[in-house]
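Chemist: This is the structure I have questions about; it appears just below.
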Amino acid sequence: MSPDLAFILTLGFRMAVTAAFVVTASVITERSGPVIGALIATLPISAGPSYVFLALDHNAAFIAEGALASLPVNAVTIFLALTYVLLAQRRSALVSCACAVMVWAALVALARTVHWSLAGGLLANAVAYAICLPLLQRFRHVKMPLIARRWYDIPLRASLVATLVATVVTLSRWVGPYVSGTIALFPVVFTSMMLILHPRIGGRPTAAVLANSGWGLMGLGIAIAVLHVAALQLGSAIALSLALATCVSWNLGLWWNGRRKLGR
């Protein structure tokens with residue numbers, strides 16, 4: 001088998017596995033309401049597989065540098081969520097999503113002009129969430145209507161995430177860890193929710209899912225920092241496992257805290 005054919009077959013397998021994982025998680029999100037849905041959506045269900053596949057092709061130093069690049073991008077993502085939430089109260093899905101993605105792209109381009117350290121990336125996340133979480137608070141509590149799935153939902157979600165994985169894996173061979181880490185954090189789960197849920201159930205219920213995502217994204221930022229630190233010290237496999245455990249533990253803690261408040 002030629003190297004090119006082997007690469008194409010491997011890439012196709014990676015795209016299929018990741019797409020199946022993301023579609024399953026997003027279907028669960030739709031059926032769980034905005035709070036549980038946000039906790040599931042902020043798990044690394046698109047970035048995680050992208051990093052796993054990067055780790056198969058590159059060494060631990062590459063993964064560490066990619067994670068460092070991903071850290072400020074995670075801070076930018078909360079501004080994408082805020083932009084969409086504010087616009088979705090009155091605007092269409094296309095306008096709200098397009099403006100949110102443009103804000104994300106502009107802030108990522110601005111972030112690329114800075115040489116980030118771990119402390120700087122963590123500080124950027126702290127400032128971003130200190131600004132956005134209070135602004136998102138009043139949009140969090142909306143009743144989620146019943147969802148009637150359409151024929152194109154699963155193909156659309158699968159194609160979005162598969163395209164992301166293909167882009168990250170292919171470009172990483174030429175563009176290096178910084179760009180790979182940036183692309184890996186593209187909010188494919190959020191954008192797929194915007195495009196699929198908004199036309200069916202309305203902007204406000206869809207916005208409620210993203211408004212509840214702030215604390216979960218904070219945990220994702222901590223997990224990215226763990227990945228950066230642990231990759232060089234312990235290797236990519238252990239670092240990825242620790243980062244995943246951090247995300248899952250953080251979101252379980254958020255869920256438990258929410259249940260405790262309801263119990264009171």
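Residue 161 in our numbering is what sits at position 161 of the sequence shown, and the numbering runs on without skipping anything. Ideal Cβ positions, reconstructed from N, Cα and C, are used throughout, including at glycine. Just so you know, these numbers come straight off a predicted model, no measurement behind them.
(1) So, under 8 Å CB-CB, leucine 217 and valine 73 are touching, yes? Tell me the CB distance rounded to an integer number of Å.
(2) Does DSSP put serine 213 in a helix, a strand or coil?
(3) What residue from Pro134, Ala60, Phe139, Pro49 has the CA that sits closest to glutamine 233's CA?
(4) Specify the secondary structure class of isoleucine 183 as computed by DSSP and reduced to three states.
(5) For the alpha helix (DSSP H) containing glycine 113, name the first residue and the last one.
(6) Nearest to leucine 86 by alpha carbon, out of His58, Thr206, Ser46?
(7) So what does DSSP say about glycine 265, is it helix, strand or coil?
(8) Which residues in the same chain as alanine 225 place their Cβ atom closer than 8 Å to its Cβ, once the five residues preceding and following it in sequence are excluded?
(9) Answer yes or no: do alanine 128 and phenylalanine 190 have a C-beta to C-beta separation smaller than 8 Å?
(10) So what does DSSP say about threonine 83, is it helix, strand or coil?
(11) Buried or exposed for valine 95, going by 16 or more other Cβ atoms inside 10 Å?
(12) Whether or not the region 227-242 and the region 45-65 are in contact is what I'm after, with contact meaning three or more pairs of Cβ atoms, one per stretch, closer than 8 Å; do they touch?
(13) By how many angstroms is the C-alpha of threonine 170 removed from the C-alpha of alanine 105?
(14) In chain order, what residues of the same chain have a beta carbon less than 7 Å from the beta carbon of threonine 254, not counting five sequence neighbours either side?
(15) CA-CA distance, proline 134 and alanine 41?
(16) Shortest alpha-carbon distance to arginine 140 belongs to which of Gly37, Ser249, Cys247?
(17) Roughly how many angstroms lie between the CA atoms of valine 175 and glycine 181, to the nearest whole one?
(18) Classify asparagine 257 as buried or exposed, calling it buried when 16 or more other Cβ atoms lie within 10 Å of its own Cβ.
(19) If I measure Cβ to Cβ from glycine 235 and keep anything under 7 Å in the same chain, skipping five residues before and after, which residues do I get?
(20) Am I right that leucine 265 and leucine 136 are in contact with their C-beta atoms under 8 Å? What's the rounded C-beta distance?
(21) Please state whether the Cβ-Cβ distance between leucine 227 and tyrosine 84 is less than 8 Å.
(22) Tell me whether the beta-carbon of serine 192 lies closer than 8 Å to the beta-carbon of leucine 156.
(23) Is DSSP giving glycine 258 helix, strand or coil here?
(24) Going along the chain, which residues of its own chain have a beta-carbon closer than 7 Å to the beta-carbon of valine 142, five neighbours each way excluded?
(25) With distances taken from CA atoms, which of Ala245, Ala16, Ile196, Pro177 is nearest aspartate 57?
Modeler: Taking the structure as given:
(1) In the sequence shown, counting from the first residue as 1, residue 217 sits at position 217. In the sequence shown, counting from the first residue as 1, residue 73 sits at position 73. In fact, because the Cβ distance is near 11 Å, the residues do not count as touching under 8 Å.
(2) Residue numbering aside, residue 213 sits at position 213 when the sequence shown is read from its first letter. Serine 213 falls in the coil class under three-state DSSP.
(3) Position 233 of the sequence shown, counted from the start, is the residue given in the question as residue 233. Of the listed residues, the one whose Cα sits closest to glutamine 233 is Ala60.
(4) Numbered from 1 along the sequence shown, position 183 holds the residue referred to as residue 183. In this structure, isoleucine 183 counts as helix in the three-state DSSP scheme.
(5) Position 113 of the sequence shown holds residue 113. Glycine is not the amino acid found at residue 113; the sequence shown has threonine there. No alpha helix (DSSP H) contains threonine 113, which DSSP labels as neither H nor E.
(6) The residue you call residue 86 lines up with position 86 of the sequence shown. Leucine 86 has its Cα closest to that of Thr206, out of His58, Thr206, Ser46.
(7) In the structure as shown, the chain begins at 1 and stops at 264. Residue 265 is therefore absent and cannot be evaluated.
(8) For the purposes of this step, residue 225 is taken as residue 225 along the sequence shown, with counting starting at 1. Hits under 8 Å: Ala67, Leu71, Leu118, Gly121, Leu122.
(9) As a working note, residue 128 is residue 128 in the sequence shown. As a working note, residue 190 is residue 190 in the sequence shown. Cβ distance not < 8 Å, so alanine 128 and phenylalanine 190 don't count as in contact.
(10) Numbered from 1 along the sequence shown, position 83 holds the residue referred to as residue 83. The DSSP-derived three-state label of threonine 83 is helix.
(11) Taking the first residue of the sequence shown as 1, we reach residue 95 at position 95. The residue is exposed, with fewer than 16 neighbouring Cβ atoms inside 10 Å.
(12) Between the region 45-65 and the region 227-242, the count of Cβ pairs shorter than 8 Å is three or higher; the stretches touch.
(13) The sequence position of residue 105 within the sequence shown is 105, counting from 1. The sequence position of residue 170 within the sequence shown is 170, counting from 1. Whole-angstrom Cα-Cα distance: 20 Å.
(14) One-based indexing of the sequence shown puts residue 254 at position 254. For clarity, residue 254 is leucine in the given sequence; the question names threonine instead. Shown here for leucine 254: same chain residues with a beta carbon closer than 7 Å to its own, the five before and five after excluded, namely Leu39, Trp215, Gly216 in chain order.
(15) Working through the sequence shown from its first residue, we reach residue 134 at position 134. Working through the sequence shown from its first residue, we reach residue 41 at position 41. Counting only the Cα atoms, alanine 41 lies some 20 Å from proline 134.
(16) Position 140 of the sequence shown holds residue 140. With distances taken between Cα atoms, arginine 140 lies closest to Gly37.
(17) Taking the first residue of the sequence shown as 1, we reach residue 175 at position 175. Taking the first residue of the sequence shown as 1, we reach residue 181 at position 181. Taking the straight line joining both Cα atoms gives about 10 Å.
(18) Start at 1 with the first residue of the sequence shown, and residue 257 comes out as number 257. The residue in question, asparagine 257, is exposed, as its Cβ has fewer than 16 Cβ neighbours within 10 Å.
(19) Sequence index remark: in the sequence shown, residue 235 carries index 235 (1-based). Correct list, in chain order: Ala60.
(20) The requested residue 265 does not occur in the structure, where the chain is confined to residues 1 to 264.
(21) Counted from its first residue, the sequence shown places residue 227 at position 227. Counted from its first residue, the sequence shown places residue 84 at position 84. Leucine 227 is not a Cβ neighbour of tyrosine 84, given a cutoff of 8 Å.
(22) Within the sequence shown, numbered from 1, the residue matching residue 192 stands at position 192. Within the sequence shown, numbered from 1, the residue matching residue 156 stands at position 156. Yes. Within cutoff.
(23) Along the sequence shown, one-based indexing puts residue 258 at 258. Here glycine 258 sits in helix by DSSP.
(24) As a first step, residue 142 must be located in the sequence shown, where it is residue number 142. Taken in chain order, the residues that qualify are Pro34, Arg204, Pro205, Ala208.
(25) The residue given as residue 57 occupies position 57 in the sequence shown. Answer by Cα proximity: Pro177.
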